[in-house]
Amino acid sequence: MADVLVVDNLDVTFALHQSEVKAVSDLDFTLAEGETLAVVGESGSGKSQAFLSIMGLLARNGKASGRAMLGDVNLIGMSPDRLDRYRGKDIAMIFQDPMTSLNPTLKVKTQLAEVLVRHQGYTAEKANRAVIEMLERVGIPEPVKRANAYPHELSGGMRQRVMIAMALLCKPKVLIADEPTTALDVTVQAQMLDLFKNLTNDFGTALVLITHDLGVVAGVADRMMVMYGGRCIEKGPTDTLFYDPRHPYTLGLLHSTPHVAKRAKRLDPIQGLPPSLEHLPKGCAFHPRCAFRFERCFEERPPLLPVEDVREKACWYQGELKYEAVA
Amino acid sequence: MLDRTEDLLKIENLSKNFSISAGLFAKPFQLRALQDISFTVKRGETLGIVGESGCGKSTLGRCILQLLAPDEGRVLWLGQDITKLPAEQMRQKRRDLQIIFQDPLASLNPRMTVGEIIADPLRTLMPEIDAKGRRERVLRTMEAVGLLPEMINRYPHEFSGGQAQRIGIARALISEPKLIVCDEPVSALDVSIQAQILNLLSDLKDEFGLTLIFISHNLSVVRHVSDRILVLYLGRIVELADGDDLYDDPKHPYTRALLTAVPIPDPKRARQRTIEGLVGEIPSPINQPSGCTFRTRCRYAEERCAQVRPPLETLANGRRVACIRWQELDLKPGG
Numbered sequence: 349m350a351d352v353l354v355v356d357n358l359d360v361t362f363a364l365h366q367s368e369v370k371a372v373s374d375l376d377f378t379l380a381e382g383e384t385l386a387v388v389g390e391s392g393s394g395k396s397q398a399f400l401s402i403m404g405l406l407a408r409n410g411k412a413s414g415r416a417m418l419g420d421v422n423l424i425g426m427s428p429d430r431l432d433r434y435r436g437k438d439i440a441m442i443f444q445d446p447m448t449s450l451n452p453t454l455k456v457k458t459q460l461a462e463v464l465v466r467h468q469g470y471t472a473e474k475a476n477r478a479v480i481e482m483l484e485r486v487g488i489p490e491p492v493k494r495a496n497a498y499p500h501e502l503s504g505g506m507r508q509r510v511m512i513a514m515a516l517l518c519k520p521k522v523l524i525a526d527e528p529t530t531a532l533d534v535t536v537q538a539q540m541l542d543l544f545k546n547l548t549n550d551f552g553t554a555l556v557l558i559t560h561d562l563g564v565v566a567g568v569a570d571r572m573m574v575m576y577g578g579r580c581i582e583k584g585p586t587d588t589l590f591y592d593p594r595h596p597y598t599l600g601l602l603h604s605t606p607h608v609a610k611r612a613k614r615l616d617p618i619q620g621l622p623p624s625l626e627h628l629p630k631g632c633a634f635h636p637r638c639a640f641r642f643e644r645c646f647e648e649r650p651p652l653l654p655v656e657d658v659r660e661k662a663c664w665y666q667g668e669l670k671y672e673a674v675a
Numbered sequence: 009m010l011d012r013t014e015d016l017l018k019i020e021n022l023s024k025n026f027s028i029s030a031g032l033f034a035k036p037f038q039l040r041a042l043q044d045i046s047f048t049v050k051r052g053e054t055l056g057i058v059g060e061s062g063c064g065k066s067t068l069g070r071c072i073l074q075l076l077a078p079d080e081g082r083v084l085w086l087g088q089d090i091t092k093l094p095a096e097q098m099r100q101k102r103r104d105l106q107i108i109f110q111d112p113l114a115s116l117n118p119r120m121t122v123g124e125i126i127a128d129p130l131r132t133l134m135p136e137i138d139a140k141g142r143r144e145r146v147l148r149t150m151e152a153v154g155l156l157p158e159m160i161n162r163y164p165h166e167f168s169g170g171q172a173q174r175i176g177i178a179r180a181l182i183s184e185p186k187l188i189v190c191d192e193p194v195s196a197l198d199v200s201i202q203a204q205i206l207n208l209l210s211d212l213k214d215e216f217g218l219t220l221i222f223i224s225h226n227l228s229v230v231r232h233v234s235d236r237i238l239v240l241y242l243g244r245i246v247e248l249a250d251g252d253d254l255y256d257d258p259k260h261p262y263t264r265a266l267l268t269a270v271p272i273p274d275p276k277r278a279r280q281r282t283i284e285g286l287v288g289e290i291p292s293p294i295n296q297p298s299g300c301t302f303r304t305r306c307r308y309a310e311e312r313c314a315q316v317r318p319p320l321e322t323l324a325n326g327r328r329v330a331c332i333r334w335q336e337l338d339l340k341p342g343g
């Protein structure tokens, strides 16, 4: 499969009152056609900021450097006017709360048709037909009726479907979904994840799924990238990371996740708190919480290096991580 | 040893409606949030309450604590009905009945120090304790929930979500309650912190002999903490059973649908299983379906489900289910 997005050396920095804080450091990854990549991390890990920077949506005090190649164009540093040629057409993003992304004063069909009129030069009538087709495609019952509704008249699950429909209208090469199911009920979440699986298959869209929920990752992702303190600390195929994690943080996340089919007496949480990006620990950012740390971890930051063929990790510890299967 | 057979709390036929204005001169809608809820909570157990948003689980928690007045029914605390108690007597009961909220930062007064927040319930509930005694208790409670003594003079905004939730737990614990209603206590927290708080609640429960009502939409979390689990749908109990029974052998189609939809953090198993999606979405609680309210989304629904409201039947081992077809259906996961 060809790579549709290649990210190299991505840094994101925010200017504060008298200082700077680095939210994302030295991020590299590729995304292949039709692939689902899960980006996993806790609040402040930089997972959302990395992708907001690729979309050119950073807050005003934010600045990105590096490269994010969508085909042969670099999205980083591009002017908003030029970005608009690609955003919504070749690369689209949806967010946790659809209500903040939909215009409350416009009917669903009006805001969706706009995308096609603008990017594809459709006539209003042709765009309306395409909108209704897409609403049906994402599983909205009575699409004609819903197309004439305002966002507040729809349920949370319906709104998220409308967002997905809007994002997919131009059949983008890349869809970035930032916690798309976190605000939804479990039954609706399951429907959404099924929908994502079908859509990546049918349209060949590559999906980036930003989430903190390992249950969601396990069901849909081909590969995953775990972030901590603004850096990728482990990445590789989903199965490999779940069944044989090599970074203590990945292991810790797996042990912290309660499992519905198995009632453990206690969870094994990671001790301590995630670091503040303003005061990242010296050496490995994870070392204050790590059970496997040794002298080197306090002083030197471990680089992200290949382990075996399929994965990379950033950790000095080379011994075996004791791991009882979560299954 | 705790006497686990004693009923600490008994809810009888509790109902709660909200009036929704339909305009200046129109008759208001009645939103039936809870209907005919009856169950007991035994001393020392953790009762989980699960359901989708809008099913009434938080309203139920609040009605139990009399933070909302139920329209009908009784709440018996150690045999005494607390729904009609005068305010002063209810205040006394609040020593025993406490609550922890979902959004830890929103539930802490930003202008008060951690010490003041945690001590606050003592001022109203136990005014006999003097300032020195209060401080000692605050420090003891802070230690129990894993807060350092030097944090006592800091303000809530200086804390992360997980730490703030520890403050909320300390505030609930300080009056030495018997029962704590935990309303989505870990939903706003990061995964690693969520596990810390769940372990903390389980330690505190053992240490102080607490009884917990644990409200959550997250079935994995509820399964992890609960002895028994109550499933709500549109303001009614559809199933109540021991945790293991409920997960291994659900009797209500809604319980099964919820269980098959829970994300499993295990890629191979996640790929193998089939999600039995529910048809459509939860109906509006203003306009509820006739008969069984779940029938509009139920794959096992028959004609008669529209005619009769299924009674909440009690099965042999004390578990309860509200489905007229429970005897004919095999709803075991994977079955």
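Respectively, the protein sequence lines represent chains A and B.
The numbering of the first sequence is my numbering, which starts it at 349 and goes up by one.
The numbering of the second sequence is my numbering, which starts it at 9 and goes up by one.
Think of the CB as a built atom: it goes at the ideal place given N, C-alpha and C, for glycine as much as any other residue.
Counting every other CB atom within 10 Å of its CB across the protein chains shown gives E390(A) a total of 16 or more, marking it as buried. Taking 3 residues as the minimum length, the beta strand (DSSP E) runs contained wholly in the region 360-443 of chain A are 368-380, 384-388, 410-418 and 439-442, in order along the chain.
Annotation for R142(B): the continuous alpha helix (DSSP H) segment containing it runs A139 to A152.
In this structure, P593(A) lies away from D570(A), with their beta-carbon atoms at least 8 Å apart.
Among the CB atoms of chain A, none fall inside 8 Å of the CB of L242(B).
At least one beta carbon of chain A lies nearer than 8 Å to the beta carbon of G170(B).
By the rule that beta-carbons nearer than 8 Å mark a contact, V536(A) touches chain B.
At a cut-off of 8 Å between beta carbons, Q110(B) makes no contact with chain A. Per the C-alpha coordinates, the member of G414(A), A554(A), M572(A) and Q468(A) positioned closest to P275(B) is M572(A). Going by C-alpha positions, A531(A) is about 17 Å away from K65(B). Within chain A, no residue has its CB atom less than 8 Å from the CB of N21(B), the nearest being about 27 Å off. T384(A) is classed as buried because its beta carbon has at least 16 other beta carbons within 10 Å across all chains shown. Per DSSP, N476(A) is one residue of the alpha helix (DSSP H) stretching across A472 to R485. For G243(B), the closest alpha carbon among the candidates G217(B), N161(B) and S46(B) is that of S46(B). Under the Cβ criterion (8 Å, minimum of three pairs), the region 120-137 of chain B does not count as touching the region 210-219 of chain B. Within chain B, the residues D198 have their CB atoms less than 7 Å from the CB of S391(A), given in chain order. Note that the region 475-495 of chain A does not touch the region 397-415 of chain A; fewer than 3 beta-carbon pairs, one per stretch, sit closer than 8 Å. In the three-state scheme derived from DSSP, where H, G and I count as helix and E and B as strand, Q315(B) is classed as coil. Of all C-beta pairs linking the region 332-341 of chain B to the region 261-274 of chain B, three or more are shorter than 8 Å, placing the two stretches in contact. Between E53(B) and chain A, the shortest Cβ-Cβ separation is not below 8 Å.
For N207(B), the uninterrupted alpha helix (DSSP H) run begins and ends at V199 to F216, by DSSP. What Q204(B) touches in chain A, judged by beta-carbon distance under 7 Å, is P617, going in chain order. Counting other Cβ atoms within 10 Å of its Cβ, Q38(B) stays below 16 and is therefore classed as exposed. Residues of the same chain with a CB within less than 8 Å of the CB of M349(A), apart from the 5 flanking positions on each side, are A380, E381, G382 and E383 in chain order.
The C-alpha of H603(A) lies about 7 Å from the C-alpha of P617(A). If you look at S27(B), you'll find it in the beta strand (DSSP E) that goes D15 to I28.
Note on P623(A): 16 or more other CB atoms within 10 angstroms of its CB, so buried under the neighbour-count rule. Contact between L543(A) and I512(A) holds, with the beta-carbon distance rounding to 7 Å and staying under 8 Å.
Close partners of E289(B) in chain A (Cβ separation under 8 Å): S503, G505, M506 and V536.
Sequence-ordered contacts of the region 396-420 of chain A with chain B are nonexistent [C-beta pairs closer than 8 Å].
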